[in-house]
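Peer 1:
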Amino acid sequence: MKAATPAFRAKYDEALTSFLEEREERHLRAAYELGREAVMDELSVLDLAVLHHDALASALLESDDAQAVTAAARDFFLEALSAYEMIRRGFDEAREAAALERRHAALLRQLSSFLADASLALGASDSLQEMLQLVAEQTRELMEAEECRVTLDLGHGQRVDAAAADVDTWSRLSHAEVIPAIEHRRDEDAGGPRTMSEQLMTLDGRSIGSIEVSAAEFSELDAALLGQLAQMASAAVERRRLYRGT
Amino acid sequence: MEAEEVRVRITHDADLVPARAEARTLAERLGFTRTDATLIATAISEIARNIVVHAGEGEIVMRAISEDARKGLVVVARDEGVGIRDVSAVLEQGYASRGGLGLGLPGARRLMDEFRIESERDKGTTVTMTKWRVRDELELIRERRQQTNSRPRRSDVR
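First to last, the sequence lines map onto chains A and B.
The first sequence maps to residues 1495 to 1740 in our numbering.
The second sequence maps to residues 141 to 298 in our numbering.
1. Rounded to whole angstroms, what's the CA-CA distance from A/Y1506 to A/L1528? Just pull it up for me.
2. Quick check on the DSSP output: what are the complete beta strand (DSSP E) runs of length 3 or more inside the segment 187 to 252 of chain B, in order along the chain?
3. Starting from the C-beta of A/A1724, find all residues in its chain whose C-beta is less than 7 Å away, skip the five residues before and the five after it, and write them out in chain order.
4. So, helix, strand or coil for B/D262, using DSSP?
5. Helix, strand or coil: how does DSSP classify A/E1692 here?
6. B/R149 lies in the alpha helix (DSSP H); which residues open and close that run?
7. Residues of chain A with CB closer than 7 Å to the CB of B/G242, please, in chain order.
8. Rounded to whole angstroms, how far is the Cβ of B/M255 from the Cβ of B/R261, which I believe are closer than 8 Å?
9. Return the first residue and the last residue of the beta strand (DSSP E) that A/D1647 is part of.
10. Closest by CA to A/A1497, which one among A/V1533, A/A1509, A/A1560?
11. Would you be able to state if there are at least three C-beta pairs under 8 Å between the segment 218 to 225 of chain B and the segment 1554 to 1574 of chain A?
12. Going by Cα to Cα distance, which pick from B/R160, B/A181, B/A159 is closest to A/E1579?
13. Give me the subset of the segment 1531 to 1560 of chain A whose CB atoms are less than 8 Å from a CB atom of chain B, sorted by chain position.
14. CB B/R275 to CB B/D176, shorter than 9 Å?
15. I believe B/V157 touches B/I200 by the beta-carbon criterion, under 8 Å. Please report the beta-carbon distance rounded to the nearest angstrom.
16. Ends of the beta strand (DSSP E) at A/A1659?
17. Which of helix, strand or coil does DSSP assign to A/A1497?
18. Determine, using beta carbons only, whether A/G1584 and B/G198 come nearer to each other than 9 Å.
19. For a cutoff of 9 Å on Cβ pairs, would you count B/A248 as touching chain A?
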């Protein structure tokens, strides 16, 4: 941040005096331009406030209508501050973008541990159901979704399903009850959560199932994340198929 | 009355003044606070400046719109300049890119409630932006009462 130069101070005094003499838009425009100049010259908003206060104090000494001068000076100051308001809102956006990036990084870390867990599940258990359950639970948690359902088609009419739901929403349901409840809700509640799905694919591009999530809303990041999770789940299923011949 | 439009031709820097003045008058008529009127005037200054710098000339059209629960001021700025090659990049300027302080179009976007840019290479750019004011309960009651009073009474109808 830089201090106000004497030239800037003089311009501000002059512009405020002109506005107090003639309440015209062109002088308010001058105030806005001075605020813009102050932002571009990295003048602190505190310095601008002091500068304005000094200019107002001088104007009040020469006026016999303090109320009118103060009200007009407020309008002038608002104009000068509007450029700072633009910057402040930009800062808020930057802060939100940084928070989103942090969440993204945390999700990626969780993804890594998810991959490790899926591999462990493959080694520790023969149960395909158990592995899909892990996929459903991790996906729901990573995407902060209300529900997640994973379906795997084994061929010859055989199918394996797994589902996970937000504990707060579905706390009273057992695993066996969650799938019918999701289907019922989808049919009954058209205005409910939105649904997004990805196919599970074999290495040669054949569809072997799907992973579906429901949430109040999805971001572009969620779509990319679901794609990544579907690829990882597909790879885990393929590994199992190759090693165990199922 | 609500469909009334105000047009300001923008051909040089000095045209920012009438554009700002018209916006302020309309904002005050619609009941916007002084702070919001200032933000609208600032957003208009930024898009008018953009027209002067990048297209040379254009126009700004302002109009009032009204819904049940809110009133709005719509600003449409048109030019027939070279257009904007990458609208997203321009709007993200100031936080996503290293350049810029976030004034100009991204600054205007942040001051308004709705903001849309349509741009075509060598054909021009149209910026549409809206500021809304939520109508309070007292205002709605007064309006309903006014409507009731303006209806012809049964005794007046023959």
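Where a beta carbon is used, it is the ideal one built from N, C-alpha and C, also for glycine.
Peer 2: Taking the definition as stated:
1. On the first sequence, position 12 is the one that residue 1506 of chain A refers to. On the first sequence, position 34 is the one that residue 1528 of chain A refers to. Inter-residue distance for A/Y1506 and A/L1528 is about 7 Å (C-alpha atoms, whole angstroms).
2. Taking only runs of at least 3 residues, the beta strand (DSSP E) segments lying wholly in the segment 187 to 252 of chain B are 198 to 206, 210 to 219.
3. Here residue 1724 of chain A corresponds to residue number 230 of the first sequence, with the count starting at 1. Here the set comprises E1692, Q1693, L1694, I1705.
4. By 1-based counting over the second sequence, the position of residue 262 of chain B is 122. DSSP, read as helix, strand or coil, puts B/D262 in coil.
5. Position 198 of the first sequence holds residue 1692 of chain A. The answer is strand: DSSP assigns A/E1692 an E or B state.
6. For the purposes of this step, residue 149 of chain B is taken as the residue at position 9 of the second sequence. Here B/R149 belongs to no alpha helix (DSSP H); instead the beta strand (DSSP E) covers 145 to 150.
7. Position 102 of the second sequence, counting from 1, holds the residue named residue 242 of chain B. For a Cβ distance threshold of 7 Å, residue set M1580, I1581, G1584 of chain A lies close to B/G242, ordered along the chain.
8. Within the second sequence, the letter at position 115 stands for residue 255 of chain B. Within the second sequence, the letter at position 121 stands for residue 261 of chain B. Sequence check: residue 255 of chain B is Phe here, not Met. The beta-carbon distance between B/F255 and B/R261, rounded to whole angstroms, is 21 Å. This is too long to meet the 8 Å contact definition.
9. Position 153 of the first sequence, counted from the first residue, corresponds to residue 1647 of chain A. It spans 1641 to 1649 - the beta strand (DSSP E) in which A/D1647 sits, taken as one unbroken run.
10. Stepping through the first sequence from its first residue, residue 1497 of chain A is reached at position 3. Per the Cα distances, A/V1533.
11. The segment 218 to 225 of chain B and the segment 1554 to 1574 of chain A do not touch, with fewer than three beta-carbon pairs separated by less than 8 Å.
12. Reading the first sequence from its first residue, position 85 is the one you call residue 1579 of chain A. Here the closest residue by C-alpha is B/A181.
13. Going along the segment 1531 to 1560 of chain A in chain order, one finds V1533, M1534 with a Cβ nearer than 8 Å to chain B.
14. Working through the second sequence from its first residue, we reach residue 275 of chain B at position 135. Working through the second sequence from its first residue, we reach residue 176 of chain B at position 36. Going by C-beta atoms, B/R275 is not nearer than 9 Å to B/D176.
15. On the second sequence, position 17 is the one that residue 157 of chain B refers to. On the second sequence, position 60 is the one that residue 200 of chain B refers to. About 12 Å separates the beta carbons of B/V157 and B/I200, which is beyond the 8 Å limit, so they are not a contact pair.
16. If you number the first sequence from 1, residue 1659 of chain A lands on position 165. For A/A1659, the enclosing beta strand (DSSP E) stretches over residues 1652 to 1659.
17. Translated into the one-based positions of the first sequence, residue 1497 of chain A becomes position 3. Coil at A/A1497, not helix or strand.
18. Sequence index remark: in the first sequence, residue 1584 of chain A carries index 90 (1-based). Sequence index remark: in the second sequence, residue 198 of chain B carries index 58 (1-based). Remark: C-beta atoms of A/G1584 and B/G198 do not approach each other more closely than 9 Å.
19. Translated into positions along the second sequence, residue 248 of chain B becomes position 108. Contacts with chain A at 9 Å (Cβ-Cβ) include B/A248.
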